[in-house]
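Visitor: The structure that follows is given in the form of structure tokens.
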Amino acid sequence: MKPNFIKFFKLLSATILFWSFAFCLFIFIRYHALGEEEGIDNGESLIKEILYLGVILGSIIGTLFAVVEYLYDNYLSKNLSLGVVLLQKSIIYLIGLIAALSYVFRLVEATMDLNLDNDEIGWWQTNQVFWLVVAYFIIWSLIFSFFKIANDKFGSGVFFNFLIGKYRKPREEKRVFMFLDLQASTTIAEKLGHFKYSELIQDCFFDLNRIVGKYNAQIYQYVGDEAVLSWDYKNGIKNNNCLEIFFHFDHRIEKRAKYYTKKYGLTPTFKAGVHGGKLIVTEVGSVKKEIAYHGDVINTTARIQGECNKYKEYLLCSNELLADLNLSDKLSTRFIGDLQLKGKEETLKISAVHKK
């Protein structure tokens, strides 16, 4: 499956589950009140039908959320201010909620033999149940937005680790890192100027963000024109994720060469260093809290990436990591030599990786 489809399918599944749970909870609570207030038979046999309506409403709203969030995240929000995006989304969701409730109310009338007065145009303006659902919808929308923003800010899975306090105390983990840096960045910055150069970096990292999910990568941090990617070791070596992401990113840049050439007068190229091993992971800071990695793996990966220019290569990887990868017929390696690690006597063998 294409990465965009996979990304959308994951988002669709998550939003449908989220909103189905939210509306089932609402209807379950409201069900008991309805039994008393509106003369509905409070028998146990009715609960399945009521929760079924919650799943239908949750599926409709969840699908709407998935489509809107996906389109804005990937195509529409890049050149819009946050305020405009929030206003447009709010209008779309309100219209979608009215349409979804109109459909569900008709099902309620048919199932429970009730008249909810939703036949006239503008019925929702004076309908108390509708505004109760809207208030509930707003609360859960805020919860949804909170988790989405937190996930975008910290990276997939990282926010959950914050919540459970996984890294409150330092712990050892085995991870893979990639240092991805713009080739000839100083020359490009001088040519374009700071403003245009910043736009170039924005565009490049926007393209990178479009594919990180497919390769189970996490963006550890951005440092100027450099991005640091991270994987837990198992996901990093699975399907050669830590290498394939570089070639996919390079291919994506090439596909958009006309765009980059027209806007910046060049097609950017990137170089990368990849390495893995054990290091310490811990939560640091109280004002701007984040997950930090401490250990030789970080420094060594940066050193490997720094050797790209010397050997005129775009992707260098430690042989130590290559030994755990199952290179496909599409990838080949060329041994470079021993890298002298700063402050240490031992050396590290590194190789260049190419796409055949």
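In terms of the numbering used here, the sequence shown has 320 at position 133, counting the first letter as 1, and numbering is strictly consecutive. The beta carbon of each residue, even a glycine, is placed where N, CA and C say it ideally should be. Quick caveat: nothing in here was measured; it's all calculated off a predicted structure.
So what does DSSP say about E507, is it helix, strand or coil?
Guide: Here residue 507 corresponds to residue number 320 of the sequence shown, with the count starting at 1. Correct three-state label for E507: helix.
Visitor: Leaving out the 5 sequence neighbours to the left and right, which residues in its chain are closer than 7 Å to K445 when beta-carbon positions are compared?
Guide: Within the sequence shown, the letter at position 258 stands for residue 445. Taken in chain order, the list of residues that qualify is empty.
Visitor: Within the same chain, show all residues whose beta-carbon is closer than 6 Å to that of R439, passing over the 5 residues directly before and after it, in chain order.
Guide: Reading the sequence shown from its first residue, position 252 is the one you call residue 439. Counting only Cβ-Cβ distances below 6 Å, and skipping sequence neighbours, we find D394.
Visitor: With a Cβ-Cβ cutoff of 7 Å, do H462 and L508 count as a contact?
Guide: For the purposes of this step, residue 462 is taken as residue 275 along the sequence shown, with counting starting at 1. For the purposes of this step, residue 508 is taken as residue 321 along the sequence shown, with counting starting at 1. Yes, the Cβ-Cβ distance between H462 and L508 is below 7 Å.
Visitor: Which residues share a DSSP beta bridge with F366?
Guide: In the sequence shown, counting from the first residue as 1, residue 366 sits at position 179. Paired residue(s): V415 and G460.
Visitor: Is it the case that the stretch 487-499 contacts the stretch 356-372, given that we only count it when at least three CB pairs across the two stretches are under 8 Å?
Guide: Yes, the stretch 356-372 touches the stretch 487-499.
Visitor: Please classify L514: does DSSP put it in a helix, a strand, or coil?
Guide: Position 327 of the sequence shown, counted from the first residue, corresponds to residue 514. Coil, per DSSP.
Visitor: Who pairs with Y480 in a beta bridge, going by DSSP?
Guide: Numbered from 1 along the sequence shown, position 293 holds the residue referred to as residue 480. Answer is V468, bridged to Y480.
Visitor: Chain D beta carbons: is any one of them nearer than 7 Å to that of S417?
Guide: In the structure shown, chain D cannot be found, because there is only a single protein chain.
Visitor: Give a yes or no on whether the C-beta atoms belonging to L367 and F457 are separated by under 7 Å.
Guide: Position 180 of the sequence shown, counted from the start, is the residue given in the question as residue 367. Position 270 of the sequence shown, counted from the start, is the residue given in the question as residue 457. Against a cut-off of 7 Å, the Cβ pair of F457 and L367 comes out as a contact.
Visitor: Around the Cβ of P455, are there at least 16 other Cβ atoms within 10 angstroms (buried) or fewer (exposed)?
Guide: Translated into positions along the sequence shown, residue 455 becomes position 268. Looking at its Cβ environment, which holds 16 or more other Cβ atoms inside 10 Å, P455 is buried.
Visitor: Looking at the unbroken alpha helix (DSSP H) that takes in I375, where does it start and where does it end?
Guide: In the sequence shown, counting from the first residue as 1, residue 375 sits at position 188. Run containing I375: S372 to L379, per the alpha helix (DSSP H) assignment.
Visitor: Okay, do the stretch 493-513 and the stretch 424-431 touch, 3+ Cβ pairs below 8 Å being the bar?
Guide: Judged by Cβ distances under 8 Å, the stretch 493-513 makes contact with the stretch 424-431, as three or more pairs qualify.
Visitor: Smallest Cα separation from Y354: which of I279, E470, Y480 and F252?
Guide: Within the sequence shown, the letter at position 167 stands for residue 354. Nearest option by C-alpha distance: E470.
Visitor: From which residue to which residue does the beta strand (DSSP E) around Y407 run?
Guide: Here residue 407 refers to the residue found at position 220 when the sequence shown is read from its first residue. Here the beta strand (DSSP E) through Y407 covers Q405 to V410.
Visitor: Taking the alpha carbon of S538 as the reference point, which residue from K529, D516, L526 and C504 has its own alpha carbon closest?
Guide: Translated into the one-based positions of the sequence shown, residue 538 becomes position 351. Closest option to S538, Cα to Cα, is C504.
Visitor: Mind checking which residues open and close the alpha helix (DSSP H) that includes K449?
Guide: The residue labelled residue 449 in the question sits at position 262 within the sequence shown. K449 -> alpha helix (DSSP H) spans A444 to Y451.
Visitor: Where does V474 fall in DSSP's three states?
Guide: Walking along the sequence shown from the start, residue 474 turns up at place 287. Residue state, collapsed to three classes: coil.
Visitor: Let me make sure I understand the geometry here. Which of F208, S246 and L466 has the alpha-carbon closest to that of E359?
Guide: Translated into the one-based positions of the sequence shown, residue 359 becomes position 172. Nearest of F208, S246 and L466 to E359, Cα basis: L466.
Visitor: Using the Cα positions of Y323 and I278, report the straight-line distance between them to the nearest angstrom.
Guide: Sequence index remark: in the sequence shown, residue 323 carries index 136 (1-based). Sequence index remark: in the sequence shown, residue 278 carries index 91 (1-based). Between Y323 and I278, the C-alpha separation is close to 17 Å.
Visitor: Taking just the CA atoms, how far does A253 sit from Q275?
Guide: As a working mapping, residue 275 is identified with position 88 in the sequence shown. As a working mapping, residue 253 is identified with position 66 in the sequence shown. Q275 and A253: Cα-Cα distance of roughly 15 Å.
Visitor: Determine the direct distance from the alpha carbon of F196 to that of S332, and round the result to whole angstroms.
Guide: Walking along the sequence shown from the start, residue 332 turns up at place 145. Walking along the sequence shown from the start, residue 196 turns up at place 9. For S332 and F196, the distance between alpha carbons rounds to 19 Å.
Visitor: Could you round the C-beta distance between Q527 and T520 to whole angstroms and report it? I think they count as a contact, below 8 Å.
Guide: As a first step, residue 527 must be located in the sequence shown, where it is residue number 340. As a first step, residue 520 must be located in the sequence shown, where it is residue number 333. Their Cβ separation, rounded to whole angstroms, is 20 Å, which puts Q527 and T520 out of contact at 8 Å.
Visitor: Is it true that the CB of K536 sits closer than 7 Å to the CB of N496?
Guide: Residue 496 sits at position 309 when you count from the first residue of the sequence shown. Residue 536 sits at position 349 when you count from the first residue of the sequence shown. No, the pair does not count as a contact, with Cβ atoms beyond the cut-off.
Visitor: Rounded to whole angstroms, what's the CA-CA distance from I478 to Y420? Just pull it up for me.
Guide: Within the sequence shown, numbered from 1, the residue matching residue 478 stands at position 291. Within the sequence shown, numbered from 1, the residue matching residue 420 stands at position 233. Computed Cα separation, rounded: 17 Å.
Visitor: Mind checking whether L164 and V316 have CB atoms under 7 Å apart?
Guide: Because the chain spans 188 through 543 in this model, residue 164 falls outside it and cannot be assessed.
Visitor: Under DSSP, the alpha helix (DSSP H) around K497 begins and ends at which residues?
Guide: As a first step, residue 497 is located in the sequence shown; it is residue number 310 there, counting from the start. From DSSP, the alpha helix (DSSP H) with K497 extends over C495 to Y498.
Visitor: Does DSSP classify K536 as helix, strand or coil?
Guide: Looking up residue 536 in the sequence shown gives position 349. The answer is strand: DSSP assigns K536 an E or B state.
Visitor: When we look at the beta-carbon of E377 and count the other beta-carbons within 10 Å, is it buried (16 or more) or exposed?
Guide: On the sequence shown, residue 377 is found 190 positions in, with the first residue counted as 1. Under this definition E377 is an exposed residue.
Visitor: Mapping the DSSP letters down to three states, classify S264 as helix, strand or coil.
Guide: Taking the first residue of the sequence shown as position 1, residue 264 is located at position 77. Looking at S264 - three-state DSSP - the assignment turns out to be helix.
Visitor: Where does T287 land, buried or exposed, given buried means 16+ other C-beta within 10 angstroms?
Guide: Mapped onto the sequence shown, residue 287 falls at position 100. Inspection of the sequence shows that residue 287 is occupied by Ala rather than by Thr. A287 is buried by the Cβ-count criterion.
Visitor: Does DSSP put R439 in a helix, in a strand, or in coil?
Guide: Translated into positions along the sequence shown, residue 439 becomes position 252. Helix at R439.
Visitor: What are the boundary residues of the alpha helix (DSSP H) that includes I424?
Guide: As a working mapping, residue 424 is identified with position 237 in the sequence shown. I424 -> alpha helix (DSSP H) spans Y420 to I424.
Visitor: From I227 to I214, what distance separates their C-alpha atoms?
Guide: Within the sequence shown, numbered from 1, the residue matching residue 227 stands at position 40. Within the sequence shown, numbered from 1, the residue matching residue 214 stands at position 27. Note that I227 has pLDDT 49, beneath the 50 cutoff, so the model's placement of it is unreliable and no number is given.
Visitor: Using DSSP with H/G/I as helix, E/B as strand and the rest coil, what is G400?
Guide: Translated into the one-based positions of the sequence shown, residue 400 becomes position 213. Three-state DSSP puts G400 in a helix.
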